[in-house]
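One structure below.
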Ligand SMILES: [Zn+2]
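Below is the structure:
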């Protein structure tokens, strides 16, 4: 049975369905299996999956990253393929916010714990801080980009005409997570956060911008084929006073959301939405987020000059549209794990694949020159292509390329050289016969709108260091 807003109190769980009806969370029996998994974990504190997440296995198999025993736990070492993927994701997430009109910055990674706003913010964050004390002053390593951007903005002149003002940073961030919780890419102590803050005039402008970012987050997930399940951490007074706005967000979802009311006035935010991705084992993992912050404008003394000349504190949105880059990468790897579970060959999108095309000459003496010509053609279009010029059978080489999830395998024998055609085998099992121009056209269509980067490893397999 649905309830009314007068039944809403602090520190409780509720479900708001997309038709606008509100329920006590433990009385709600709608939603799909994934929503039920979120309820199980958040409301009923049930452990939803014990199985190890398959993405951990892929980190080794695809030579992406390994743990660094000489550093603290939870600090990964990215191998060349992983370094390339992280750079591609950095570029991708930066492009998304540049399209919104954001201004990228690079700020310091450490802040003085003797400064009152830092100290206050840090005390709310609790025990999960890295502290460093090189001399007399004690610093905290940033756990997101908030400090650096707020401190910078507090020193700048901002006009009401500049609002909404969006500032972005790809921030390496440090959180001293509990050792037992550290796992794969989902729980690490050093991670990269594509973190944007939006300064707005007032709560009305904040809500408009929030709606836009919320829609963008859902669209970004759907673009890659996944659906998020949302948890709203909310001040109950804000919920009651802005119920139509909240309902408009849930309409974008087209499915129920979980609501957790907090103690009124306790946090710097009034609304903090966590978007949960469901991995291949059925585990919900928080990735993207967007929040409305009503406290830090004043705490960090950030002001803008309003139309009448008066100085005011902005309402600030915090958002990570893709969550940390580690969790963004985790989502792509878990999508591959879902394919494997369904009996489909696992793969990454071509734009994110460390190697996009593998060329296999059948006879090194007769076919290598033409293979190199094809490679140079593709390279000139910033396509990541390599040549298997090792002394091994074609069957063995195809198997190796398949095991590395390379989206396109091009086999070049005497026939292809004579006809100037390419035999292209796709990851989906299609066999195509194409001219070089046709193949480039197909790749460029698939890669349009995504960042391009060259190979981070030697293009000749016979010369390449293996990093195993
Ligand atoms: Zn922030």
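In my numbering, the protein residues as written are 14 to 481. All C-beta atoms in this analysis are idealised placements derived from N, C-alpha and C, irrespective of residue type, glycine included. If you're wondering where the values come from, they're calculated on a predicted model, not measured in any experiment.
Run through DSSP, which three-state label would residue i get?
i	result
residue 446	strand
residue 130	helix
residue 160	helix
residue 196	strand
residue 204	strand
residue 68	helix
residue 80	strand
residue 123	strand
residue 387	helix
residue 350	helix
residue 146	coil
residue 473	strand
residue 152	strand
residue 213	strand
residue 38	helix
residue 325	strand
residue 453	helix
residue 73	helix
residue 357	coil
residue 463	coil
residue 334	coil
Residue i lies in the alpha helix (DSSP H); which residues open and close that run?
i	result
residue 24	Neither: residue 24 is in no alpha helix (DSSP H) and is coded neither H nor E.
residue 312	309-312
residue 272	Looking at the DSSP string, residue 272 is not in any alpha helix (DSSP H); the run it does join, the beta strand (DSSP E), is 270-274.
residue 229	216-236
residue 31	Element bounds for residue 31: n/a, residue is neither H nor E.
residue 52	46-55
residue 413	407-416
Identify, in the order they occur along the chain, each residue of the same chain with its Cβ nearer than 7 Å to the Cβ of residue i, setting aside the five sequence neighbours on each side.
i	result
residue 277	23, 248, 249, 250
residue 157	184, 186, 206, 208
residue 222	177, 211, 213, 330
residue 291	47, 50, 242, 297
residue 452	435, 437
residue 114	179
residue 80	89
residue 239	290, 344, 348
residue 136	none
residue 441	none
Ordered along the chain, which non-local residues of its own chain (more than five positions away) have a Cβ less than 6 Å from that of residue i?
i	result
residue 172	318
residue 470	93, 477
residue 367	94, 97
residue 166	315
residue 8	What is shown of the chain runs 14 to 481, which leaves residue 8 out entirely.
residue 216	328
Along the beta strand (DSSP E) that carries residue i, what are the first and last residues, could you check?
i	result
residue 182	178-187
residue 113	Counting along the chain, residue 113 falls outside any beta strand (DSSP E), and DSSP gives it neither H nor E.
residue 374	370-374
residue 438	435-439
residue 365	No beta strand (DSSP E) contains residue 365, which DSSP labels as neither H nor E.
residue 255	Premise fails: residue 255 is in no beta strand (DSSP E) and is neither H nor E.
residue 173	Element bounds for residue 173: n/a, residue is neither H nor E.
residue 399	398-400
residue 287	282-291
residue 305	297-306
residue 90	89-91
residue 243	242-247
residue 422	421-425
Would you please state the rounded distance, in angstroms, between the beta carbons of residue i and residue j? I believe it to be under 8 Å.
i	j	result
residue 37	residue 16	6 Å
residue 2	residue 130	This structure cannot speak to residue 2, because the chain is shown only from 14 to 481.
residue 275	residue 227	That belief does not hold up - the Cβ atoms of residue 275 and residue 227 are roughly 19 Å apart, past 8 Å.
residue 271	residue 28	6 Å
residue 181	residue 110	5 Å
residue 246	residue 285	4 Å
residue 420	residue 439	7 Å
residue 404	residue 410	That belief does not hold up - the Cβ atoms of residue 404 and residue 410 are roughly 10 Å apart, past 8 Å.
For residue i, which residues in the same chain have their Cβ closer than 8 Å to its Cβ, ignoring the five residues on either side in sequence?
i	result
residue 425	372, 373, 374, 375, 380, 383, 384, 387, 435, 436
residue 170	318
residue 14	36, 40
> Are the stretch 230-241 and the stretch 192-211 touching, with three or more C-beta to C-beta distances below 8 Å?
Replying inline: Result no; under three Cβ-Cβ pairs closer than 8 Å.
> Is it true that the stretch 324-341 meets the stretch 386-394, where meeting means three or more beta-carbon pairs spaced less than 8 Å apart?
Replying inline: No: fewer than three Cβ pairs fall under 8 Å.
>> Does the stretch 55-72 come into contact with the stretch 427-436, if we say contact requires no fewer than three beta-carbon pairs (one atom in each stretch) closer than 8 Å?
In response: These segments do not touch.
> Is the stretch 48-63 in contact with the stretch 348-356, if contact means three or more CB pairs nearer than 8 Å?
Replying inline: At 8 Å Cβ cutoff, the stretches do not touch.
> Should the stretch 191-201 be called in touch with the stretch 279-288, which here means at least 3 C-beta pairs below 8 Å?
Replying inline: Segments in contact, no.
> Is it a yes or a no for the stretch 76-85 touching the stretch 358-365, going by three-plus beta-carbon pairs under 8 Å?
Replying inline: The stretch 76-85 makes no contact with the stretch 358-365, as fewer than three CB pairs between them are under 8 Å.
> Does the stretch 306-325 touch the stretch 96-111, meaning 3 or more C-beta pairs lie closer than 8 Å?
Replying inline: Contact fails: fewer than three Cβ-Cβ distances are below 8 Å.
> With a cut-off of 8 Å, do at least 3 Cβ pairs link the stretch 116-125 to the stretch 148-162?
Replying inline: The answer is yes - the stretch 148-162 touches the stretch 116-125, with three or more Cβ pairs under 8 Å.
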